[in-house]
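Once you know that position 15 of the sequence shown is 1350 in the working numbering, the rest is easy, because the numbers rise by one and skip nothing. Every residue, glycine too, gets a C-beta built ideally from N, C-alpha and C.
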Amino acid sequence: MASWQELIIQYFGPATLTPLAGGSLAESYALSTRTNRYFVKHYDPSWVKDPQIVWREASALKALKQAGWPVPDVILTHDSFLVLSWIEKGSSSYKDKAGQILGERLAKAHKQVASAYSLPWGNGIGIIQHPSSNYLLAGEFYWEIRLAPLLKSLSNQYSLLETLKDHETPIRKFLNQAVIFPTLVHGDLWSGNFLWQSDGSPYVIDPASYYGDPVSDIAFAELFGGFPSSFYHAYWLTMGSDPHYPCKKPLYQLYHALVHLKLFGQAYLGLSKSLIDQIRESPCLQR
1336 MASWQELIIQ
1346 YFGPATLTPL
1356 AGGSLAESYA
1366 LSTRTNRYFV
1376 KHYDPSWVKD
1386 PQIVWREASA
1396 LKALKQAGWP
1406 VPDVILTHDS
1416 FLVLSWIEKG
1426 SSSYKDKAGQ
1436 ILGERLAKAH
1446 KQVASAYSLP
1456 WGNGIGIIQH
1466 PSSNYLLAGE
1476 FYWEIRLAPL
1486 LKSLSNQYSL
1496 LETLKDHETP
1506 IRKFLNQAVI
1516 FPTLVHGDLW
1526 SGNFLWQSDG
1536 SPYVIDPASY
1546 YGDPVSDIAF
1556 AELFGGFPSS
1566 FYHAYWLTMG
1576 SDPHYPCKKP
1586 LYQLYHALVH
1596 LKLFGQAYLG
1606 LSKSLIDQIR
1616 ESPCLQR
């Protein structure tokens, strides 16, 4: 059986693969042919047991592209690797311009209304997977599919589910009423997945996409920082304000804090507890 490197050479012809730094689940390479350069992600089957991980990412990238998101092109997919168009990174002097363009394009993409809150690709972040689902109400979707499974999976170690259990009904009710429509979101929009070229053209990579509340992307972008103020200004100017966002933000940030707690351990326990406290004290979520 041909190796994954041999399969790439068979497809592209004479080429070289140069290892790149970065990536926790996938090995990264620059693929150089006679005429082009590409980015390759290889998932070692001995470590990554999810047989659909490449299909999931490729499908999300294609859907985001169709919706107007600035993402790399999918060139080739295989069970264990993904080949994408190459992004030549620009200098930090173009970050503000790239942030403004990204904010505008993100808001325009977020205005596209989907038919349901759903995980059409069994969305996952890292090694955490969620089943496919379709919900008509945002609160039911977020509690049943996003928040509760994570809280339960962490309950033996951290007993976090009990701290929010008495707020389950207010959370469901609030999001059912406060979220107007679902749209395709990136799902893992932190600054490490934000790139730009030398002309200021922005790109986002590594999606964990699903159909949910548009501002869930903004909440995660704010959680760990790194985006320029031009990004947020352009987004809200184009999207329009969401009066419920201050109450939504800790709810959506908690999901990502819990993901980090599960993947990386106790270093994220303080953040998770702080967000839970904010939720419990929120005037929008009083029982």
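Going by DSSP, G1527 is part of no alpha helix (DSSP H) at all; its letter is neither H nor E. In the displayed model, G1438 falls within a helix according to three-state DSSP. Judged by beta-carbon spacing, V1539 lies within the 7 angstroms limit of F1529, meaning their Cβ atoms are closer than that value. DSSP places A1569 inside the alpha helix (DSSP H), whose first and last residues are 1564–1574.
Between the beta-carbon of V1514 and that of D1548 there is about 5 angstroms, and that keeps the pair under the 8 angstroms contact cut. Counting only residues of its own chain and dropping the five nearest sequence neighbours on each side, L1342 has a CB closer than 7 angstroms to the CB of H1413. The C-beta separation of F1374 from L1419 comes to about 5 angstroms, placing the pair in contact by the 8 angstroms criterion.
Three or more beta-carbon pairs separated by less than 8 angstroms link the segment 1487–1496 to the segment 1592–1608, which places the two stretches in contact. In this structure, W1456 places its C-beta atom within 7 angstroms of the C-beta atom of R1391. The segment 1433–1448 makes contact with the segment 1562–1579, as at least three CB pairs between them are under 8 angstroms. Within 10 angstroms of the beta-carbon of A1543 lie 16 or more other beta-carbons, which makes it buried.
Counting only residues of its own chain and dropping the five nearest sequence neighbours on each side, G1535 has a CB closer than 6 angstroms to the CB of Y1429, K1432, A1433.
With distances taken between CA atoms, L1589 lies nearest to L1610 out of L1610, S1576, A1602, D1552. Here the alpha carbon of P1578 sits roughly 28 angstroms from the alpha carbon of L1485. In this structure, H1502 and L1604 do not form a Cβ contact; the two beta carbons are roughly 19 angstroms apart against a cut-off of 8 angstroms.
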